[in-house]
Structure formats: C-alpha cells, structure tokens
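So that you can map any letter, position 210 of the sequence shown is 951 in the numbering used here, and since no number is skipped, the others follow by simple counting.
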Amino acid sequence: MKDSRIKTPDNLRSSRWFAPDDLRSFGHRSRMMQLGYAEEEFRGKPIIGVLNTWSEINSCHGHFPERAKEVKRGVLQAGGFPIEMPVMSVDEQFTKPSSMLYRNMLAMETEEVIRSHPFDGIVLMGGCDKTTPALIMGALSAGVPFIYLPAGPMLRGNYAGKVLGSGADAWKYWDERRAGNITAEEWRGVQGGIARSHGVCMTMGTASTMTAIADSLGLTLPGASSIPAVDANHSRMASECGRRVVDMVWEDLTPDKIVTDGAVKNAAIVAMATGCSTNAVVHLIAMARRAGVSLTLDNLDALGRDTPLLANVRPSGKDYLMEDFYYAGGLLAMAKQLEDRLDTSCVTVNGKTVGENIASAEVYNDDVIRPLSNPVYHQGSLAVLRGNLAPLGAVIKPAACDPKYHTHEGPAIVFDSYPEMKKAVDDETLDITPDHVMVLRNAGPQGGPGFPEWGMLPMPKALLKQGYRDMLRISDARMSGTSYGACVLHVAPESFVGGPLALLKTGDIVRLDLPNRTLDMLVSEEELEVRRTAWVAPEPRFQRGWGWMFSKHVGQADTGCDFDYLTREHGPAAGEPDIF
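Now the structure itself:
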C-alpha cells in the first residue's frame, strides 16, 4: 500500500512545543511528565485535541463523556496522543436569552483553543444546534486538520401509542392544550415521552440539519450524521474518528482542501433535499465565508427552486423521524439519489471523494427517502423573499405551511415585543381573523437580543377555538428547525436598526407572493419616508461585556450573523503562536 504520509514527526505542529532542546520545551515536556505521561507517549506523535461541548445541562450531549473515551481509544490505536479539552456547551433549551447570542463566542473559543495549544489535529464533538456551526467556523479559521463527530439524533418519542417528534409535536400539542382539547394529565404524558434518550432532536430540526450539512461538506465520516446517538454504531464511529484524524494529520488533509466551492454547493443541495431548518441559511453562509467561499441568499434560493424535498421526515415531511431516516439508508442513500446534481469529485475527511463514498449506498425504504420521481415536495426546503419589507431578504419553509398562504394579502397586526405579543394571543377576545398577518419585530440579531427563536408566533387562542391552526406570521426572528407553519423569518435588515419592518403599522396591508418571491407592505414610498423620518432608534440592549461586543460587531441575517472582524474579508487568520 502506498504511504500517503506528507508530515514527518519532525514537522508536526506539536514538535514546535516539544522537540527543541531549549528551556521552554523543557518546561513543556516536564509539565506533561507532571501529568503522569512518559516522553515516549507524546513526543513525535500527532497530538489530537478532542474538543468536547459536554455539560451536565446539555441533554443532547449527555453521552459525550463516553464518546470522548471512545475517540481517545481510537487516537491511541492509530499511534496518536489524545488531549481532551472542554469548550463552551451552547445548549438550545437552557441558554438565554438565545443560544445564537453565543454561537460566535464558541467559534472564537474554538479557534483560539486550537491555535494556542500543541494540537496537530482535532476531533470536534458537537451536535446541539449552534455547536455544529460554531465549532466548524472556529476550526476552519484555525486551519488545522479536523474531523467532526456529530452527537446523533435521540430515539423517537412515544406517548399513548403515538410517535412523538421533538419540538414539532410540542408545538402541536400545546396548541391543543390551549384550545382545551387535551387535559393537563395528557400534556404531562407528552412532556415525559417526547425526549427519552441522549441525542439531538430527532426531527429534521436545526441540529440534524447542521450535522447533515457538516456531513455533506465532507467534515464527518461519511454518513455519520444519521446514526442515532445511543446506537452501538455511534460508539464505533467515535473510535473511528480518533483513528482517522491521526491519518489526516500525517496526510496534511487540512480543511481548505475539503471545504471548497463544490463542497458548499453540495451541502446546500443536500440540505434542501432534507427539508432543512431555516437556520441553515444563517449558519451555512457563515461557515462558507470562514472558508473563503462566496454564498448568498440568492444562491440558496436558486438551489431551493431546483432541489426537490426527498426526506419524508418531520416537520417538512409527514410521517417519519431521524431514526427511520437512518434505517432507510441515511444521508449517503439520499445523496445517492442526488448524485447527478452533486460535485462528486470533492474530497472528504476519509480521504475519498463524495462519489466513492456514495457508490454503494442504497435506499431501503423509498417512502422515507423518496426518489426524484416521487418527492415529498417539488421544490426544496427554503425560499428567499424580497420586497419593501425585506430588501436584504427573508426566508420561509414552503413545504411546512398551508399552501393557501403561499399567496396571501391581509392586514397586519404588529407587536413590538414578545411579551406584548404573548399577552395578545392569549386573549380570547382578540379582534383577529385568519386573514390577518401577525408581525413581531425587535427580535433580530440586535433587537432580540441575539436573534432568538421566536418566529413561530403562537396561534391566537381566539383562532384556535375556531379550529384554525395556521396563519401568516412575519418577524425578524429565527424559529426552531422543528417548527412549522406559514412563518416568514429573518427579515433583513431587522427593525431594531431601522429596517422597513420598523415602519409597518397595524392595519397596513401586507402581501406575500411566494411564487414570485416577494414580500411587501402596500404603503406608498412617500408615506414610508414620512415614517422613516419620524422613527427613533431604540436604546442599545447592552452597555458592557459580551452583549456590547456582540451588538457592535454582529452582521445581519443575510450575511450569516458572524462578527465583522472574524470574516476573511477583515484579514487573514493569525499565524502560529510565538513560543519563547
């Protein structure tokens, strides 16, 4: 077999810390010995950083202590030396006011932890929504060979003989609870049955969307994103990550050789076919920009028009969950259906091309993973809208809402804050019809603060009692990838910085034309100019600390909400650290 090694022990990155015969390297070696390691355990071997986003409050990553052991076992088997490092655990349920406020913090921590330590290669352990883009953004900027280990989806939920999907069914049953159709006891039953193992949401929410994107970018072992968190295959995959990353170091398989224009386009196509979360737009644009790849909303909309939805997985699909998707063949099988649309020459972390990885993939249930001839929906998961309400763009999931709202015109009912909106929707006497357009503003990157997942505005009780379960809703917020409904999101620029949404008034007529990708308020430009002149900017959300830094530097939704000084356009990444 041909030796694929490019690196030698002498030119490993870690050799700068440990090899020289000087006082500083003496200090490094002696401190490793203080930890109980003999020199022969770490000198001249690839040192692998295992960046672990585990915490005791992050249920998605509850199995990571065991997986980290399995990764380290694989590293040792391949002749490397593993070092586990904790990094921030940005969990979706408990991090307030919004986990998105801290995505860039984890990205910065990841980049700096990698750069400042003697790591030759990295295994990134993540999965919960923001951890995937954050870890990858930081690792792309650091430039060291890395492999991504996805947490995997939890097992399907269950209650009273019904299969439950995390997030999506929580919304559904909550509407029924508010409508008075289920009891408190039934509601508690759903609460106890909807999330019953370690792992991320088992719907095609943001977590599974982003790990599928990481997989499609070539950054995971092929198909790793589909494996359920508690499946024994997940443990074996973890050890294989450890073994493979050691080889990646010797081969000098750096991320710039993997995340190319073609790989980013592949990821976008596969994401559309999965019925991806709307959050994919923000995160994929941000990751692509870290890799120096230009990706815009218009690029994504064009791919969405041409890519059919093939994964019959909730919430865009109707019947199945991620466990079913895995048993049906998983991501590799779905990519095989799209083979003619993909750049199959792209290299992935296993050293093989996309074409080689999907060559023998099969679909075992063609109702879960549909063929191109029988898609769940004729177009992809996302559509981008523009108009005088969203000159920089907004997004919607056409397949996840009632088709009658694809073209809609109605009067706006506008809320300036979530508490104001929540109070109104719980008022059974609210004067509202299903033709109204509910609007929430001041919920974007600056206004939320932190771009919270408020975009699936609750249905008003007054309409729930009448049997309605959907209506057109618009906001500058995000929404959970497990959500559904006629929700227009990510309106840019956001209202908090003076975007047109700030000028809308209750009673103004709003028009959505999805086929033509437009979103407008039917208000004259003259009137809008009067309102623009009268608009007063709100007080900043933060006066110090991380929030202040976030507010000063975060971009709008259409550019991925990265910090201006972290993008490639701002300047090249820092070089190797000085060692004196």
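Backbone N, C-alpha and C define an ideal beta-carbon position, used for all residues, glycine too.
| query | result |
| --- | --- |
| If you check the beta carbons only, do M1200 and D916 fall under 8 Å apart? | yes |
| Under 8 Å, do R770 and F759 count as touching if we go by C-beta distance? | yes |
| Cutting at 6 Å between CB atoms, please list the residues of its own chain near G906, excluding the five before and the five after it. | T944, R1055, L1062 |
| Consult DSSP for I855 and reduce its assignment to one of helix, strand or coil. | helix |
| Since R1309 contacts G1033 with CB under 8 Å, what's their CB separation in whole angstroms? | 5 Å |
| Of all the options D1084, C1142, A1298, K1163, which has the alpha carbon lying nearest to the alpha carbon of Q1187? | A1298 |
| Could you tell me which of Y1067, P1144, S839 sits nearest to N1106, measuring between CA atoms? | Y1067 |
| Under 8 Å Cβ to Cβ from M742, same chain only, skipping five residues before and after it: list those, please. | Model confidence at M742 stands at a pLDDT of 45, short of 50, so the residue's coordinates are unreliable and nothing is read from them. |
| Name the residue from L1171, D1319, K1163, E1169 whose alpha carbon lies nearest to the alpha carbon of L1181. | K1163 |
| Curious, which full-length beta strand (DSSP E) runs of at least 3 residues does the stretch 895 to 947 contain? | 898 to 900, 903 to 905 |
| Compute the beta-carbon to beta-carbon distance between N1040 and V1117, rounded to the nearest angstrom, for a pair I have assumed lies under 8 Å. | With 8 Å as the limit, N1040 and V1117 do not qualify as a contact, their Cβ atoms being about 23 Å apart. |
| Using 8 Å as the threshold, is the C-beta distance between P1175 and M1212 below it? | yes |
| Can you tell me whether L958 is buried or exposed, with buried defined as 16 or more other CB within 10 angstroms of its CB? | buried |
| Which complete beta strand (DSSP E) runs does the stretch 1173 to 1202 hold, if anything under 3 residues is left out? | 1178 to 1181 |
| If we ignore side chains and look at the alpha-carbon of each, how far apart do E926 and E1267 end up? | 55 Å |
| Give every residue of the same chain whose Cβ lies closer than 6 Å to the Cβ of Y889, excluding the five residues on either side of it in the sequence, and list them in chain order. | L865, A955, L960, T961 |
| Sort N1183, I824, Q818 by Cα distance to L776 and report the nearest one. | I824 |
| Could you tell me which of D988, P1313, D1319 sits nearest to L1323, measuring between CA atoms? | Any answer about residue 1323 is impossible in this case: the structure gives the chain only from 742 up to 1321. |
| To the nearest whole angstrom, what separates the beta carbons of A724 and L1073, a pair I think is in contact under 8 Å? | Outside the displayed range of the chain (742 to 1321) lies residue 724, so it cannot be described from this structure. |
| Nearest CA to the CA of V941: which residue from G983, V831, I863? | V831 |
| Could you tell me which residues DSSP pairs with C1228 in its beta bridges? | R1214 |
| Give the DSSP-derived three-state secondary structure of P1281 in the structure shown. | coil |
| Quick one: is K837 buried, meaning 16 or more other Cβ sit within 10 Å of its Cβ, or exposed? | exposed |
| So what's A779 in DSSP terms, helix, strand or just coil? | coil |
| Starting from V1238, trace the beta strand (DSSP E) in both directions and tell me its first and last residue. | Counting along the chain, V1238 falls outside any beta strand (DSSP E), and DSSP gives it neither H nor E. |
| Could you tell me the distance, in whole angstroms, from the CA atom of M1220 to the CA atom of G862? | 34 Å |
| Considering only residues of the stretch 1087 to 1163, which uninterrupted beta strand (DSSP E) runs meet the minimum length of 3 residues and lie entirely inside it, listed in chain order? | 1124 to 1128, 1131 to 1137, 1148 to 1156 |
| Once DSSP output is grouped into helix, strand and coil, what is the label at P874? | helix |
| Taking just the CA atoms, how far does N1007 sit from D1047? | 13 Å |
| How is the alpha helix (DSSP H) around E811 delimited, first residue to last? | 805 to 818 |
| Whose CA, out of N799, I789, H804, T794, lies closest to the CA of R814? | I789 |
| Once you ignore the five residues that flank A911 on each side, which residues in its own chain have a CB closer than 7 Å to its CB? | I935 |
| Does the stretch 1014 to 1027 come close enough to the stretch 1091 to 1100 to have 3 or more Cβ pairs within less than 8 Å? | no |
| Counting pairs of Cβ atoms below 8 Å between the stretch 1141 to 1155 and the stretch 1270 to 1283, do you hit three or more? | no |
| Does the Cβ of A1124 have 16 or more other Cβ atoms within 10 Å, making it buried, or fewer, making it exposed? | buried |
| For E981, count neighbouring Cβ atoms within 10 angstroms of its own Cβ and tell me buried if that reaches 16, exposed if not. | buried |
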